[in-house]
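Visitor: Heads up: the sequence shown begins at 1251 in this note's numbering, then just goes up one per residue.
Built from N, CA and C at the ideal position, the CB exists for glycine as well.
What follows is a structure written as structure tokens; I'll ask about it next.
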Amino acid sequence: MNVLRTTDLSREEVQRYSRHLTLPDVGPAGQRKLKAASVLLVGAGGLGSPLGLYLAAAGVGHLGIVDDDVVDETNLQRQVIHGSGAVGKLKVESAAQRIADLNPHVEVTTYPFRFGAEQALALVADYDIVVDGSDNFPTRFLVNDACVIAGKPNVYGSVYRFEGQASVFDAQRGPCYRCVFPQPPPPGAVPSCAEGGVLGVLPGIIGLIQATETIKLIIGKGEPLIGKLLIFDALEMRFATLAIAKDEACPVCGSNPSITQVREEDARCDIAHDASPRHSDADAEITPQSLRAKLDSGDPIEVLDVREPVEREIATLANTIEIRVDDLAEHLDELPRDKEIVAYCRTGVRSARAVQLLRDAGFVRARSLAGGINAWSETVDPTVTRY
1251 MNVLRTTDLS REEVQRYSRH LTLPDVGPAG QRKLKAASVL LVGAGGLGSP LGLYLAAAGV
1311 GHLGIVDDDV VDETNLQRQV IHGSGAVGKL KVESAAQRIA DLNPHVEVTT YPFRFGAEQA
1371 LALVADYDIV VDGSDNFPTR FLVNDACVIA GKPNVYGSVY RFEGQASVFD AQRGPCYRCV
1431 FPQPPPPGAV PSCAEGGVLG VLPGIIGLIQ ATETIKLIIG KGEPLIGKLL IFDALEMRFA
1491 TLAIAKDEAC PVCGSNPSIT QVREEDARCD IAHDASPRHS DADAEITPQS LRAKLDSGDP
1551 IEVLDVREPV EREIATLANT IEIRVDDLAE HLDELPRDKE IVAYCRTGVR SARAVQLLRD
1611 AGFVRARSLA GGINAWSETV DPTVTRY
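Following this line, the structure appears as structure tokens:
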């Protein structure tokens, strides 16, 4: 009597994966490798959505999903693993439910918390491959360092507006993320997708490239993106591949590493990095409620909108000066120095940068609207559209 191994395929699985089984480069052996594999997805958002769906559909036996966020209406334009009925639910729970419906043969483990230094190594150690679907630099560096230390491949992807990138960082066979990007940019220097926007289909394209690379690694076929950075421009519909090399001076995977334990890069996106003694963090922001009270009492305040012009078509505050944050340095002479200036954007990231620039230029009473126009909508005036 033959004893079935755990990686043997059932009759139902043979039917489900029949189009894989007839591929010479996959076949039953490759499908069994997929069933035996475990993959950790860091993030269940724009990139994590196609990753979760297609890795599950391909038959990867065990998926781990780590994310502490809940589904918001603004996610649905691109995070296709979630539906309208999932708004308000944890993303990991929503994703797990969708995957269970898509392929009940896949085991899903959910981690409803932020991928942090405390859990990073333990999480990474439990999986064969880590796929980075995060949306911020501190997490990308943390994923990279944990993968290098644990000896696991890191399938990387990122998106912004109309452009995306993908690579496979495997320090045992090529460069790691820090070889290419040694340090994160200053907090607030690069807008997030929430601030800068992203074409809804773009995470799908990049996420599917990551899923493809993951499957190739598992079945051991094809040429992975190790030592290569794939760049995609959706507007031009153009792909470019850049060769990237291992940096022997890399602080985590180089010949004499200085990073031997995981740590978290500074994730703050406020103006606390201004070392000037002229002002303190305590007076760098103003709450929506405090601004409303000051405006109602007739205090001499100039409200400065530092967003993109297209955002003003969605929602705006009354009686504001409109100068993009990237143009602000060239228009300082248009701002009064004898009034308090309150800058605002969507969520407070760009306005914090604007305030730092203003204070460095001598506008010592400049402040940022905490939480931006979205916080104003939520706490002061719900007729203002939140986006």
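Assign A1279 to buried or exposed, taking buried as 16 or more other Cβ atoms, counted over all protein chains shown, within 10 Å of its Cβ.
Guide: Sequence index remark: in the sequence shown, residue 1279 carries index 29 (1-based). With fewer than 16 Cβ atoms within 10 Å of its Cβ, A1279 is classed as exposed.
Visitor: Tell me which residues share the same chain as C1429 and place their Cβ nearer than 6 Å to its Cβ, disregarding the 5 neighbours each side in the sequence.
Guide: If you number the sequence shown from 1, residue 1429 lands on position 179. Excluding sequence neighbours, C1429 sits near K1496, D1497 and C1500.
Visitor: Identify which residue in D1533, F1412, Q1511 and P1507 has its Cα closest to the Cα of L1485.
Guide: Position 235 of the sequence shown, counting from 1, holds the residue named residue 1485. If we check each option's Cα against that of L1485, F1412 comes out closest.
Visitor: What number of angstroms, rounded off, separates the C-alpha of R1617 from the C-alpha of E1563?
Guide: Start at 1 with the first residue of the sequence shown, and residue 1617 comes out as number 367. Start at 1 with the first residue of the sequence shown, and residue 1563 comes out as number 313. Near 24 Å, if we compare the C-alpha coordinates of E1563 and R1617.
Visitor: Can you tell me which of the three DSSP states H1581 falls into?
Guide: Here residue 1581 corresponds to residue number 331 of the sequence shown, with the count starting at 1. Note: H1581 maps to helix in three-state DSSP.
Visitor: Going by other Cβ atoms of all chains shown within 10 Å of its Cβ, with 16 needed for buried, is H1270 buried or exposed?
Guide: Within the sequence shown, residue 1270 is the residue found at index 20, counting from 1. It counts as buried.
Visitor: Taking L1554 as part of the beta strand (DSSP E), name the residues at either end of that continuous run.
Guide: What you label residue 1554 is simply residue 304 of the sequence shown in a count that begins at 1. Element bounds for L1554: I1551 to D1555.
Visitor: Run the CB neighbour count on F1482, radius 10 Å, all protein chains shown included, and call it buried at 16 or more, exposed below.
Guide: The residue labelled residue 1482 in the question sits at position 232 within the sequence shown. So F1482 counts as buried.
Visitor: Which partner residues does Q1415 have in the DSSP bridge list?
Guide: Residue mapping note: residue 1415 aligns to position 165 of the sequence shown, counting from 1. DSSP lists S1408 and I1481 as partners of Q1415.
Visitor: Helix or strand or just coil, what does DSSP make of Y1427?
Guide: Walking along the sequence shown from the start, residue 1427 turns up at place 177. Three-state DSSP puts Y1427 in a helix.
Visitor: Output the distance between the C-alpha atoms of A1579 and I1459, rounded to the nearest integer angstrom.
Guide: Taking the sequence shown and counting its residues from 1, one reaches residue 1579 at position 329. Taking the sequence shown and counting its residues from 1, one reaches residue 1459 at position 209. C-alpha separation (whole angstroms): 39 Å.
Visitor: Would you call the CB atoms of G1366 and G1293 closer than 9 Å?
Guide: For the purposes of this step, residue 1366 is taken as residue 116 along the sequence shown, with counting starting at 1. For the purposes of this step, residue 1293 is taken as residue 43 along the sequence shown, with counting starting at 1. No, Cβ-Cβ distance for G1366 and G1293 is not below 9 Å.
Visitor: Is it buried or exposed for R1261, if we count other Cβ within 10 angstroms and need 16 for buried?
Guide: As a working note, residue 1261 is residue 11 in the sequence shown. That one is exposed.
Visitor: Might you give, ordered along the chain, the residues of its own chain that have their beta carbon closer than 8 Å to the beta carbon of A1620, omitting 5 neighbours on each side?
Guide: Along the sequence shown, read from residue 1 onward, the residue named residue 1620 stands at position 370. E1535, I1536, T1537, P1538 and G1598, listed in sequence order.
Visitor: Rounded to the nearest angstrom, how far is the Cβ of I1623 from that of K1589, given a contact under 8 Å?
Guide: Start at 1 with the first residue of the sequence shown, and residue 1623 comes out as number 373. Start at 1 with the first residue of the sequence shown, and residue 1589 comes out as number 339. Between K1589 and I1623 the Cβ distance is about 20 Å, and since that is not below 8 Å, they are no contact.
Visitor: Which partner residues of Y1361 appear in the DSSP bridge assignment?
Guide: Within the sequence shown, the letter at position 111 stands for residue 1361. DSSP, once it has assigned bridges, lists V1316 as partnering Y1361.
Visitor: Out of V1337, F1419 and D1385, state which residue places its alpha-carbon closest to the alpha-carbon of A1396.
Guide: The residue given as residue 1396 occupies position 146 in the sequence shown. When each option's Cα is compared against that of A1396, the closest is F1419.
Visitor: Out of A1286, V1556, D1376 and L1452, which has the shortest C-alpha to C-alpha gap to Q1327?
Guide: Locating residue 1327 in the sequence shown gives position 77, counting from the first residue. Cα-wise, what sits closest to Q1327 is L1452.
Visitor: For C1426, collect the residues of the same chain with a Cβ closer than 7 Å to its Cβ; drop the 5 residues on either side in sequence, then sort them by chain order.
Guide: As a first step, residue 1426 is located in the sequence shown; it is residue number 176 there, counting from the start. Cβ within range, chain order: N1394, V1398, F1419, C1500, V1502 and C1503.
Visitor: Using beta-carbon positions only, say whether G1302 and E1263 come within less than 9 Å of one another.
Guide: Your numbering for residue 1302 matches position 52 in the sequence shown. Your numbering for residue 1263 matches position 13 in the sequence shown. No, these two residues do not count as a Cβ contact at 9 Å.
Visitor: If you draw a straight line from the C-alpha of V1605 to the C-alpha of A1461, how long is it?
Guide: Counting from one through the sequence shown, the residue named residue 1605 turns up at place 355. Counting from one through the sequence shown, the residue named residue 1461 turns up at place 211. Straight-line Cα distance between these residues: approximately 41 Å.
Visitor: Please classify V1448: does DSSP put it in a helix, a strand, or coil?
Guide: Taking the sequence shown and counting its residues from 1, the one referred to as residue 1448 is at position 198. It is a strand residue.
Visitor: Between the C-alpha atoms of Y1267 and A1416, what's the straight-line distance to the nearest angstrom?
Guide: Mapped onto the sequence shown, residue 1267 falls at position 17. Mapped onto the sequence shown, residue 1416 falls at position 166. If you take the alpha carbons of Y1267 and A1416, they lie about 27 Å apart.
Visitor: Taking only the alpha-carbon atoms, compute the straight-line gap between A1421 and G1477 and give it to the nearest angstrom.
Guide: The residue labelled residue 1421 in the question sits at position 171 within the sequence shown. The residue labelled residue 1477 in the question sits at position 227 within the sequence shown. In a straight line, the C-alpha of A1421 is about 10 Å away from that of G1477.
Visitor: Give every residue of the same chain whose Cβ lies closer than 8 Å to the Cβ of T1635, excluding the five residues on either side of it in the sequence, and list them in chain order.
Guide: In the sequence shown, counting from the first residue as 1, residue 1635 sits at position 385. Here the set comprises I1564, A1565 and S1627.
Visitor: Do the region 1308-1323 and the region 1280-1299 touch if we need at least three Cβ pairs shorter than 8 Å?
Guide: The region 1308-1323 vs the region 1280-1299: in contact.
Visitor: Cutting at 6 Å between CB atoms, please list the residues of its own chain near V1409, excluding the five before and the five after it.
Guide: Taking the first residue of the sequence shown as 1, we reach residue 1409 at position 159. Only V1448, L1452, P1453 and I1456 meet the Cβ criterion.
Visitor: Would you tell me roughly how many angstroms separate the C-alpha atoms of R1587 and D1549, rounded to the nearest one?
Guide: The count along the sequence shown starts at 1 and reaches residue 1587 at position 337. The count along the sequence shown starts at 1 and reaches residue 1549 at position 299. Those two C-alpha atoms are separated by around 15 Å.
Visitor: Please list the segments of the alpha helix (DSSP H) lying wholly inside the region 1259-1297, counting only runs of 4 or more residues, in order along the chain.
Guide: Segments of the alpha helix (DSSP H) lying fully in the region 1259-1297: 1261-1266, 1268-1271 and 1277-1286.
Visitor: Where do the N-terminal and C-terminal ends of the alpha helix (DSSP H) with A1350 fall, by residue?
Guide: Counting from one through the sequence shown, the residue named residue 1350 turns up at place 100. Its alpha helix (DSSP H) spans residues K1341 to L1352.
Visitor: Helix, strand or coil for T1597 per DSSP?
Guide: The count along the sequence shown starts at 1 and reaches residue 1597 at position 347. Three-state DSSP puts T1597 in coil, outside helix and strand.
Visitor: Ignore the nearest five residues each way along the sequence and tell me which others in L1492's own chain have a CB closer than 6 Å to its CB.
Guide: Start at 1 with the first residue of the sequence shown, and residue 1492 comes out as number 242. So the qualifying residues of the chain are L1479.
Visitor: Helix, strand or coil: which one does DSSP assign to R1488?
Guide: Residue 1488 sits at position 238 when you count from the first residue of the sequence shown. Three-state DSSP puts R1488 in a strand.
Visitor: By the DSSP assignment, the beta strand (DSSP E) with S1618 in it spans what residues?
Guide: Numbered from 1 along the sequence shown, position 368 holds the residue referred to as residue 1618. Start and end: A1616 to L1619.
Visitor: When the Cα atoms are used, what is the spatial distance from F1219 to L1392?
Guide: In the structure displayed, the chain extends from 1251 to 1637; residue 1219 sits before or after that span and is not available.
Visitor: Using DSSP with H/G/I as helix, E/B as strand and the rest coil, what is E1590?
Guide: Counted from its first residue, the sequence shown places residue 1590 at position 340. Correct three-state label for E1590: strand.
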